[in-house]
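Engineer:
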Amino acid sequence: MRFVKKEVGYLDGIMVLLLAIAGNLGVQLLAGIIVGAGQTSNYAQLVCMIIFQLVFAAVPVIYYSAKKIRPALAFPVNKPRPSLALAPLLPVISMFGFMLPALLFETLLLNNGYKPSGLEFSGAGETALAAIATIILAPCAEELIFRGFLLSGLKKEFNTYVAALMSALAFSLMHMNPEQTIYQFFLGYVCALAAIKSGTLLAPIIVHAGSNALAMFADGAIMKFVQAVTRNAVSAVLGTAGLFIAAAAAVWGVCMLMELINRKCKKENKENKKDADEHANAENTDSEKEKKSGNRKTGLMLYVGSLGICAVMWIFVFVAAML
């Protein structure tokens, strides 16, 4: 079977998102059947989490295999670049800068009767499975979908930063978890910026993995920090606003530095210039074809439809947690 190499198109990126969401719902149905059968142990839920990530990773493979295409991502997983050394700073900045707004939103939900979901890990086996699911599989599979395929496709029709926002919104709603919505949106946008400025999917994978690792293993230290900042209403408001602004500035600074380091690498600069010229020509050609055929409107409808499905499930989870 011969595969043709082709850049990820606008519609293809959105179709991968839609199919990934369908896979998500399928795994949730499986989880519901398992719970209905009385299997409510942490191990059963962790296995479902792992299956979910494997399904996510399989979606683009199945989709492009059916089309006999070997997709070329806008941000390929290529050889590590020097700028990747800065990527581990981003999850730390994100966690301490964007966690407070997320916790304030969660507190608002709790004060109105919302009962959050979550797993309590006890023992090395559960911790190991959770680490595999959240620190290894989730960053690779989810970044492949949202910053690999979706962002690659969206940037064909939208401004790069608008495309980044759209990928972050889809990433946030896809989790269908009300208490995580705010933080997931900010993390999604940071991951998109990391991909754009580094030019490789490895950067957002590192950011995503680092954020999940901090949430899993440094939760106690983070909560102590939160309590110190939010001793009263005034410190909570000022601390949240100040940390958010500082974190946003720090994220932008780190990402710009990543881009600057890449530009200073002569080899990469030549490769990027050549790739950029070829990419721009291909984008212009593809964009003209897609606009003529009305694919921009179709893609936008599919994107909104995908988010609509996630929003309905978000509301379902929210209502269920309120009962």
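Residues 246 to 568 (this note's numbering) are what the sequence shown spells out, left to right.
Here a beta-carbon is modelled for each residue, glycine too, at the ideal position from N, C-alpha and C.
Are the Cβ atoms of Pro-346 and Ile-427 separated by less than 8 Å?
Structural biologist: Taking the first residue of the sequence shown as position 1, residue 346 is located at position 101. Taking the first residue of the sequence shown as position 1, residue 427 is located at position 182. Against a cut-off of 8 Å, the Cβ pair of Ile-427 and Pro-346 comes out as a contact.
Engineer: What three-state label does DSSP hand Ala-317 in the structure shown?
Structural biologist: Taking the sequence shown and counting its residues from 1, the one referred to as residue 317 is at position 72. Ala-317: strand per DSSP, three-state reduction.
Engineer: Roughly how far, in whole angstroms, is the beta-carbon of Leu-399 from the beta-carbon of Ala-556, given that I think they are within contact range, below 8 Å?
Structural biologist: What you label residue 399 is simply residue 154 of the sequence shown in a count that begins at 1. What you label residue 556 is simply residue 311 of the sequence shown in a count that begins at 1. Not confirmed; about 18 Å, so no contact.
Engineer: Nearest-angstrom Cα distance between Asn-507 and Arg-315?
Structural biologist: The sequence position of residue 507 within the sequence shown is 262, counting from 1. The sequence position of residue 315 within the sequence shown is 70, counting from 1. Looking at the two C-alpha atoms, the distance is approximately 26 Å.
Engineer: Can you give me the Cβ contacts of Lys-360 inside the same chain, cut-off strictly under 7 Å, excluding the 5 residues immediately before and after it?
Structural biologist: For the purposes of this step, residue 360 is taken as the residue at position 115 of the sequence shown. Once the five neighbours on either side are set aside, the close Cβ partners of Lys-360 are Ala-566.
Engineer: Who are the Cβ neighbours of Gly-433 in its own chain at under 7 Å, not counting the five residues just before and after it?
Structural biologist: Start at 1 with the first residue of the sequence shown, and residue 433 comes out as number 188. Within the same chain, Gly-433 has close Cβ partners Phe-391, Ser-412, Ala-413, Phe-416, Ser-417.
Engineer: Assign Trp-559 to one of two classes, buried (16 or more other C-beta atoms within 10 Å of its C-beta) or exposed (fewer than that).
Structural biologist: In the sequence shown, residue 559 corresponds to position 314, counting from 1. Answer is buried; the Cβ neighbour count reaches 16.
Engineer: Check for me: the beta strand (DSSP E) holding Val-253 runs from which residue to which?
Structural biologist: Within the sequence shown, numbered from 1, the residue matching residue 253 stands at position 8. Val-253 -> no beta strand (DSSP E), and no H or E assigned at all.
Engineer: Within 10 angstroms of the Cβ of Pro-327, are there 16 or more other Cβ atoms? Answer buried if so, exposed if not.
Structural biologist: For this step, residue 327 is matched to residue 82 along the sequence shown. The residue is exposed, with fewer than 16 neighbouring Cβ atoms inside 10 Å.
Engineer: With DSSP collapsed to three states, give me the class of Asp-531.
Structural biologist: Translated into the one-based positions of the sequence shown, residue 531 becomes position 286. Annotation note: pLDDT 49 at Asp-531 (below 50); position unreliable, coordinate value reported separately. In the structure shown, Asp-531 sits in a helix (DSSP, three-state: H, G or I).
Engineer: Under the assumption that Leu-334 contacts Val-435 (Cβ atoms under 8 Å), give the Cβ distance between them as a whole number of angstroms.
Structural biologist: Counting from 1 along the sequence shown, the entry for residue 334 is found at position 89. Counting from 1 along the sequence shown, the entry for residue 435 is found at position 190. In fact, because the Cβ distance is near 11 Å, the residues do not count as touching under 8 Å.
Engineer: Sorry if obvious, but does the Cβ on Leu-349 come closer than 7 Å to a heavy atom of the ligand ZN?
Structural biologist: Among the ligands in the structure shown, none appear at all, so the ligand ZN cannot be discussed.
Engineer: Beta carbon of Phe-371, beta carbon of Lys-442: below 8 Å?
Structural biologist: Mapped onto the sequence shown, residue 371 falls at position 126. Mapped onto the sequence shown, residue 442 falls at position 197. In the sequence under discussion, the amino acid at residue 371 is Glu, which differs from the Phe named in the question. Against a cut-off of 8 Å, the Cβ pair of Lys-442 and Glu-371 comes out as no contact.
Engineer: Measuring CB atoms only, is the region 261-272 touching the region 292-305, in the sense that at least three cross pairs come out at less than 8 Å?
Structural biologist: yes
Engineer: What is the DSSP secondary structure of Met-461, reduced to helix, strand or coil?
Structural biologist: Locating residue 461 in the sequence shown gives position 216, counting from the first residue. The answer is helix: DSSP assigns Met-461 an H, G or I state.
Engineer: With DSSP run on the structure shown, which of helix, strand or coil describes Arg-541?
Structural biologist: Here the question's residue 541 lines up with position 296 in the sequence shown. Helix at Arg-541.
Engineer: Closest by CA to Met-421, which one among Leu-552, Cys-385, Ala-276, Val-261?
Structural biologist: Residue mapping note: residue 421 aligns to position 176 of the sequence shown, counting from 1. Among Leu-552, Cys-385, Ala-276, Val-261, the Cα nearest to that of Met-421 belongs to Leu-552.
Engineer: Would DSSP call Met-421 helix, strand or coil?
Structural biologist: Locating residue 421 in the sequence shown gives position 176, where the first residue counts as 1. In this structure, Met-421 counts as coil in the three-state DSSP scheme.
Engineer: In the structure shown, what three-state DSSP assignment does Gly-498 receive?
Structural biologist: By one-based count along the sequence shown, residue 498 stands at place 253. Three-state result, Gly-498: helix.
Engineer: Which whole runs of the alpha helix (DSSP H) in the region 360-432 are 4 residues long or more, in chain order?
Structural biologist: 369-376, 383-388, 396-399, 405-419
Engineer: Can you grab the Cα-Cα spacing for the pair Ala-525 / Ser-310, in whole Å?
Structural biologist: Position 280 of the sequence shown holds residue 525. Position 65 of the sequence shown holds residue 310. Because the pLDDT at Ala-525 is just 45, under 50, the model does not fix this residue reliably, and the value given afterwards should be weighed accordingly. When rounded, the distance between both Cα atoms is 26 Å.
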